[in-house]
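First the structure, in the form of structure tokens, and then the observations on it.
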Amino acid sequence: MAQISYDVDATTVILGGRILSDFIAGTTVQITFPNPDTSRFNGSGGSVSVAKRTDAKVSELEFHILRGSADDVWLSSLQGSGEVTLLNASVSTL
Numbered sequence: 004m005a006q007i008s009y010d011v012d013a014t015t016v017i018l019g020g021r022i023l024s025d026f027i028a029g030t031t032v033q034i035t036f037p038n039p040d041t042s043r044f045n046g047s048g049g050s051v052s053v054a055k056r057t058d059a060k061v062s063e064l065e066f067h068i069l070r071g072s073a074d075d076v077w078l079s080s081l082q083g084s085g086e087v088t089l090l091n092a093s094v095s096t097l
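Last residue of the sequence shown: number 97 in our numbering, and the count goes up by one each step with no gaps.
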């Protein structure tokens, strides 16, 4: 599983079009890619097939926001909406 960490002081996170900025000082933004790039299948007679996975670039984004901040209120409202919300995210560094 590949993982990339960025210092919050040198990172911009945009989630669902909103720029997040209320990070806890000294923490990191972490991107984890839990799925492997390829899958291997063993066939009958000893054959092996290797396939590129379409979900290899799916990632998990982890960050720590100050409790009670504007970003925390916004994220909590999404969580409490009772609906599944898919958001595009981008991370850039200085």
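A virtual CB, placed ideally from N, CA and C, is assigned to each residue, including glycine.
Same chain, Cβ closer than 8 Å to residue i, neighbours up to 5 away in sequence not counted
i      : result
Ser-72 : Asp-25
Trp-77 : Arg-21
Cα-Cα separation, residue i to residue j
i      : j      : result
Asn-45 : Val-11 : 44 Å
Asp-75 : Ser-52 : 46 Å
Leu-89 : Gly-49 : 42 Å
Boundaries of the beta strand (DSSP E) in which residue i is found, first to last residue
i      : result
Leu-64 : 63-65
Ala-92 : 92-96
Ser-52 : 51-55
Ser-84 : From DSSP, Ser-84 is part of no beta strand (DSSP E); its letter is neither H nor E.
Arg-21 : 21-23
Phe-26 : Where Phe-26 is concerned, there is no enclosing beta strand (DSSP E), given that its DSSP letter is neither H nor E.
Asn-38 : Neither: Asn-38 is in no beta strand (DSSP E) and is coded neither H nor E.
Cβ-based neighbour list, residue i, same chain, cut-off 7 Å, excluding 5 preceding and 5 following
i      : result
Arg-56 : Asn-38, Pro-39, Asp-40, Thr-41, Ser-42
Val-97 : A quick correction: the sequence has Leu, not Val, at residue 97. Excluding positions up to five away in sequence, the list reads Ala-13.
Sequence-distant residues of the same chain with beta carbon closer than 6 Å to residue i, five excluded per side
i      : result
Ser-93 : Ile-17
Ile-7  : Ile-34
Ile-68 : Asp-25, Asp-74, Asp-75
Beta-carbon proximity check, residue i vs residue j, cutoff 8 Å
i      : j      : result
Thr-15 : Ser-95 : yes
Phe-36 : Ala-13 : no
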